[in-house]
Each structure stands twice: as structure tokens, then as C-alpha cells.
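Below: one structure, written as C-alpha cells.
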Amino acid sequence: MTPSKPMRADARRNRARILAAAEEAFAERGTSASTEEVADRAGVAIGTVFRHFPTKRDLLAAIMKEVRGSLIDRAEALIADGDPGTAFFDYFTFLVERSTKVGTVVSLLAEEGTPIEPGEQIRALTHTFGSLLDAARDAGTVRPEVRLDEVMALLTGTVHGALAAGWSDDLRHRTVTLILDALRAH
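In the numbering used here, the protein residues as written are 3 to 188.
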């Protein structure tokens, strides 16, 4: 596949299915997830996986690239939806849920010695999240004294806690609810 030649529609669909299956497999099974399992889950031949992703590291890096893009895309969709009162809260919840699902991928990349450099995507994410916070404060749904650095600290702590301690879905949901309730304007 050359960079100048666009991917066929079926190849794009296969690639998307492989990435979704890989994310799911690594989240469930960690390092024991195999490329063969990814192929089975995606409904493609193992050769198709290797054609798109020659190494496991390539597959993990592609998952992270997709995740970064989806985080920004989700924020932009919430902003475009025009409901600032709920967009901030929905996005905080989405970030925690999404992060806990890809935490294994991040760990696997780190174990392989692949540096995770968030760079521009995380700066864009923080900027976009700041826009959601500003809009929610202006709409009167978030307390006026809440600052972006505080929100990012709460988000980081929640994600780290959920990943490091292996929180259950119920505990994660209750914790996010408590944090968001504390941020709401009364």
C-alpha cells in the first residue's frame, strides 16, 4: 500500500474492524491477546491483519492514533450539538470510559518501549475541553469558580485510579457521578 494510493473501501472497512477487534482483545486479555485472536474477532484472515499492521507494535500504535482522533472528534460533535449544559459532563464521562478501555494498549506500548507522546493531540484535547468548560460555565451548569486545571486534575486522577486499581464499572460510574455532581452549579 503506497501512501499516495487511496485505500479501497473494503480495505478501509477491514482496517476499522481490525482496530476495533484489537482494542477489544487487548482490553480484555492484555498481553495474552494474539494477532490470531484479533483476526478471528475482526472476521478477517491473519494475512489481512499483517498486511495492514506488520507488527504488534504497529497495531498498538494505530489503535492509539485512532483513539486520539476519536477523542477530538467526540468533543467537536458535542460542541456542534449546541447543548453546552450537558456537553461538558458527557465529555468528562466519555473520556473516563474511553481511557479505561485503552489503558491496556497504553501499558502494552510502554512495556515494548514505545514512547507515548501525546503532543499536539493532547494540547488540542485540553483546548477543546476548555471550550466545553467555558460554555458550560456560561450556561450556568458548571460552578463559576471551576478551573480547567482542576478539571484536568480530577480527570487524570479518576482515569489513573480506575486503571491502576481496576475499578469495577459500577465504582467507576459512581465515582464519575460524584465528581460531576461536585462541579455542577447549585
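We put the beta carbon where it would ideally sit given N, CA and C, even for glycine.
Keep in mind the model is a prediction, meaning the values are calculated, not measured.
Endpoints, the alpha helix (DSSP H) within which residue i is located
i	result
M154	L150 to A167
R76	K58 to D83
T37	T37 to A44
H54	I48 to H54
H188	Note, H188: premise wrong, no alpha helix (DSSP H); not H, not E.
R15	A11 to R31
Integer-rounded CB distance, given that residue j should sit under 8 Å from residue i
i	j	result
R41	A35	Sequence check: residue 41 is Ala here, not Arg. That belief does not hold up - the Cβ atoms of A41 and A35 are roughly 11 Å apart, past 8 Å.
R174	T102	7 Å
I187	V144	According to the sequence displayed, residue 187 carries Ala and not Ile. That pair is a contact at about 6 Å.
L127	I74	6 Å
Close Cβ partners of residue i (< 8 Å) along its chain, the five nearest in sequence each way excluded
i	result
L182	F91, F94 and T95
G121	Residue placement at G121 is flagged as unreliable, the pLDDT there being 49, under the threshold of 50; the coordinate-derived value follows with that caveat. Cβ neighbours of G121 beyond the five flanking positions: none.
E78	T130
D172	none
P146	R139 and A187
C-beta atoms of residue i and residue j nearer than 8 Å
i	j	result
V153	R139	no
L134	L80	yes
V69	V46	no
T57	N16	no
T160	T179	no
I48	E39	no
G132	L150	yes
Same chain, Cβ closer than 6 Å to residue i, five either side skipped, listed in chain order
i	result
A137	P86
G168	none
A44	R19, I20 and A23
Contact set for residue i: own chain, Cβ-Cβ below 7 Å, skip 5 residues either direction
i	result
T4	In this prediction, T4 has a pLDDT of 47, which is less than 50 and means its spatial position is unreliable; what the coordinates show is noted afterwards. Nothing meets the Cβ criterion.
A24	V40, L61 and I65
A141	P86 and G87
A11	none
| request: Report yes or no: do the region 56-69 and the region 19-33 share at least 3 C-beta pairs separated by less than 8 Å? | output: Enough Cβ pairs lie closer than 8 Å, so yes.
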